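In my numbering, the protein residues as written are 8 to 262.
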Amino acid sequence: MTKSKGGPSTIKQRLEQQVALLRRELETAKTDQSDICRKYATTVRKQAGGGREGKESLMLKQRIKLLEKETHEKDQYIAQLEEQIEKMPVQYENRMMELWKKATLAEKELNKVYQNMRSIKDEVKEVDQLKHSVAVLKARVERRDFIIAHYEARKSNSIKVFQDLNKPEARHRKSHTSSHASRQIVLPSKRHNTPEPTDDPSESETKPLGSLLMERYKKLQNLRPPKHELRPVDFTCLTAALRMKGNQGNRYDLH
């Protein structure tokens, strides 16, 4: 990993370089100060015989004061820099601890976000599965309704066919019973060996009209129709029709 320009090691190196430069400047200033002090002492000894200080000595004295002030300020600045250099590792460690704590919190938040994303993904999968199940159930319900409607239609068609087949059978039975009854009204005279009424002019002329009517009335009262024998119904046509209808329905189911 490459170190950044604003990293702690870079700052420390800059401060150390600055401290070294200030120390060199301080040593130079101290050397100049000592030189000026020697010159000032020499000048003062030379002028010891006079009553007042010379102009050169005053200038040297002021320069010495300025150098002392600058030296003191540089000493203080160097001391601050050295103290800052000593405190820098501790500050750096504290700062790194804070950054590590923040990074840990950020990582926890990211884990929570990832967990939420996973839960959302699982919920989406469940929703998709439920949608698929609902679609399958709807298809099954539609298929069931279709089959029920189909069988109801088949049932109604079978009932209709059965009714249509029963109608001619009922008509045939009705006509058969009516014709059979009419036959039985006439035939008993032969079965009981009774003479049939005839329009013989000799008989009508010999017997009066009232006696003839009474005789016929008595004959009709003596007649008892035989028991009606039910004709067996032939269901062959009905069975064949229902079988054909069932075969058609099975073909429809296979398709």
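Glycine is no exception: its CB is placed at the ideal position from the N, C-alpha and C atoms. Note that the structure is a prediction, hence the values are computed from the model and not measured.
Going by beta carbons, GLN40 and ILE18 fall outside the 9 Å limit.
Rounded to whole angstroms, GLN87 and LYS46 show a C-alpha spacing of 32 Å. A contact is defined here as three or more CB-CB pairs under 8 Å, and the region 29-37 fails this definition with respect to the region 106-115. LEU144 sits exposed, since fewer than 16 C-beta atoms from the chains shown fall within 10 Å of its C-beta. Rounded to whole angstroms, the gap between the alpha carbons of GLU93 and LYS62 is 47 Å. Distance from the CA of GLN20 to the CA of ARG30, rounded to the nearest whole angstrom, comes to 15 Å.
Within a 10 Å sphere around the beta-carbon of LEU117 sit fewer than 16 other beta-carbons, which makes this residue exposed. By the beta-carbon neighbour count (other beta carbons within 10 angstroms, threshold 16), LEU67 is buried.
GLN91 is positioned such that its CB atom lies no closer than 9 Å to that of LEU28. Taking 9 Å as the cut-off, the Cβ atoms of LYS81 and GLU32 count as close. Spanning the alpha carbons of ILE155 and ALA146 requires a straight line of approximately 14 Å.
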